[in-house]
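Asker: Mapping to my numbering: the sequence shown position 191 is 194, numbers consecutive. First, the structure itself, so that you have it in front of you.
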Amino acid sequence: MSSYVTHLEAAIDGTRLPADELQTLHAGRPLWVRYDLEAVARAVSRDQLNGRPPNLWRYRELLPVVDDENIVSLGEGMSPLLPCPALGKFLGLERLWIKDESQLPTGSFKARGLCMAVSRAKELGVERLAIPTAGNAGGALAAYAARAGLEAYVFMPKDTPRVNQAEARLFGARTFLVEGLITDCAALVRRGQEALGWFDLSTLKEPYRIEGKKTMGLELAEQLGWRLPDAIFYPTGGGTGLIGMWKAFDELEQLGWLEDSSRPELYACQSDGCAPIVQAFARGERHADPFPNAHTCASGLRVPQAVGDFMILDAVRRSGGEARSAPEADLVPWMERACALEGISLCPEAAACLAVVAQLRAEGKLAPDREVVVYNTGAVQKYVELMEKPLPTLPLEGSIDWEAVAGAPTT
Ligand SMILES: *Cc1c(COP(=O)(O)O)cnc(C)c1O
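Below, the structure is given as structure tokens:
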């Protein structure tokens, strides 16, 4: 099979670049992958997808890998879209869904972007990969590089969640801790480039992670019967997922696969401990200033500066949504509430979305009958530091106060 990719396009000024060679940024900014969508529409109909396996490769014609042999896969994609009546009731929403990415390989949606980036890097002859990460991207790169038989180097802040540190090493990456933030790790990857000749898979610094993440939008449309919800809440760090989803909706519309032309409002959700996009949105600016003293327990949101800031802000504004922050102190309580009410393994990043939904409900800006989708981007089990609370211990001998057992607190 070949791909329907025609070229790459610089997001900042529209410059065309060839897709059959390695590309990074243009004028310091990211690239879009463009397809011959008319040819895709002739080649496949949305109904033909029905018989395909339930993973993201079902959208093969809308993905950039040329030769099937280069596909590096761990069975990623087609995550469940779960109705959440209990959480919905708590929030006063009749139609609340969680798109549950906690079930993807390595326990986060980072698998989508990295399977695509690693597949394309392999296709273009790269042998050595490097990534700066706030946590989950490091584990995902390590796993896909292992699967592809490529060398991986992972750089993460010293206070990255323990599970992220361990999984990157476990999956065979050379893994390093750095005194600093993800932006400092990114600087290290740039510095090492000349000496070690690795290819930099940083968020948005190569064009294909967006293509992997856009499948979250393709799946959502397909799961809802080729229509879109009223509002999407997305925990935003580097913004690849949000940018990718908006691109997916554009492509679906051009293919004529959507039932109608209504688009969801996009809400980019951050923590007030690291809210550069929220700040730029509030000021009406197209680019975001670096956020000083960035701190949040939602490590995926600890991105003080995003190279695709204008792409996030453009998508949010075009959608009629907003960029909003949740109080940092509210994240763990929302995480615990969602886990306990729905049994979904909900990460603190997604908890920021729930806190923002609650804000909008309280302000009367989100009517009870609106159909709302929250992306749960990762599994809570990766955040043992946040999960653990001391448990009551029961004695083996002597009497037990069974009433106290029944009355023990749940979260
Ligand atoms: C990386 C990450 C995010 C942020 O994702 P972007 O698409 O880069 O904005 C959110 N949640 C989790 C769990 C992550 O690992």
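Yeah, the Cβ is synthetic: ideal placement off N, Cα and C, and Gly gets one too. No experiment lies behind these values; they were computed from the predicted model shown.
I think E209 touches A120, with their Cβ atoms under 8 Å apart; what is that distance to the nearest whole Å?
Answerer: That pair is a contact at about 6 Å.
Asker: With a cut-off of 8 Å, do at least 3 Cβ pairs link the region 382 to 402 to the region 346 to 353?
Answerer: Taking 8 Å as the limit for Cβ pairs, the verdict is that the region 346 to 353 does touch the region 382 to 402.
Asker: Starting from the Cα of E64, find the closest Cα among G78, R49, G346, C272 and give me that residue.
Answerer: The shortest C-alpha separation from E64 is found at R49.
Asker: Alpha carbon to alpha carbon, how far is L394 from E406? Give it in angstroms, no decimals.
Answerer: Spanning the two alpha carbons is a distance of roughly 17 Å.
Asker: Do you know whose CA, among R131, D372, L357, A361, lies nearest I101's CA?
Answerer: Per the Cα distances, L357.
Asker: How would you write the range of the alpha helix (DSSP H) that A355 sits in, first residue to last?
Answerer: Run containing A355: 351 to 365, per the alpha helix (DSSP H) assignment.
Asker: Does the beta carbon of G244 fall short of 7 Å from some heavy atom of ligand 1?
Answerer: Correct: G244 has its Cβ closer than 7 Å to ligand 1.
Asker: Count Cβ pairs between the region 314 to 331 and the region 236 to 254 that sit closer than 8 Å; are there 3 or more?
Answerer: Judged by Cβ distances under 8 Å, the region 314 to 331 makes contact with the region 236 to 254, as three or more pairs qualify.
Asker: Less than 6 Å between C-beta atoms, sequence neighbours within five positions excluded: which residues of the same chain meet that for P232?
Answerer: Hits under 6 Å: P267, E374, V376.
Asker: Using the three-state DSSP reduction, which class does V68 fall into: helix, strand or coil?
Answerer: If DSSP states are grouped into helix, strand and coil, V68 belongs with coil.
Asker: Can you tell me whether DSSP reads Y378 as helix, strand or coil?
Answerer: Here Y378 sits in strand by DSSP.
Asker: Indicate whether the contact test is met: 3 or more Cβ pairs, each with one atom in the region 28 to 48 and one in the region 9 to 16, closer than 8 Å.
Answerer: Verdict: yes, contact present.
Asker: Considering only heavy atoms of ligand 1, does any lie closer than 7 Å to the CB of N139?
Answerer: Yes, since a heavy atom of ligand 1 falls inside the 7 Å radius drawn around the Cβ of N139.
Asker: Does DSSP classify Y270 as helix, strand or coil?
Answerer: Residue state, collapsed to three classes: strand.
Asker: Is there at least one non-hydrogen atom of ligand 1 closer than 7 Å to the beta-carbon of P238?
Answerer: Checking the Cβ of P238 against ligand 1 gives yes.
Asker: DSSP three-state label for Y237, please.
Answerer: Correct three-state label for Y237: strand.
Asker: Are three or more beta carbon pairs between the region 359 to 374 and the region 90 to 106 nearer than 8 Å?
Answerer: At 8 Å Cβ cutoff, the stretches touch.
Asker: Looking at C-alpha atoms only, which residue of R123, P135, E41 is the closest neighbour of A22?
Answerer: Nearest C-alpha to A22: R123.
Asker: Have a look at the DSSP bridge pairing and note the partners of A343.
Answerer: Per DSSP, none; premise fails for A343.
Asker: Out of curiosity, what's the CA-to-CA distance linking G323 and S264?
Answerer: Each residue's alpha carbon lies about 14 Å from the other.
Asker: Can you determine whether any heavy atom of ligand 1 sits closer than 7 Å to the C-beta of C342, and answer yes or no?
Answerer: Not so, every heavy atom of ligand 1 lies at least 7 Å from the Cβ.
Asker: Give the secondary structure of S105 by DSSP, where H, G and I count as helix, E and B as strand, and everything else as coil.
Answerer: DSSP places S105 in helix when its eight states are reduced to three.
Asker: Go to E256, then tell me how far its alpha helix (DSSP H) extends in each direction, as first and last residue.
Answerer: That run of the alpha helix (DSSP H) goes 243 to 258.
Asker: How should E126 be labelled, buried or exposed, when 16 other C-beta atoms within 10 angstroms of its C-beta is the threshold for buried?
Answerer: Buried: at least 16 other Cβ atoms inside 10 Å.
Asker: Can you tell me whether DSSP reads D203 as helix, strand or coil?
Answerer: Of the three classes helix, strand and coil, the one that applies to D203 here is strand, per DSSP.
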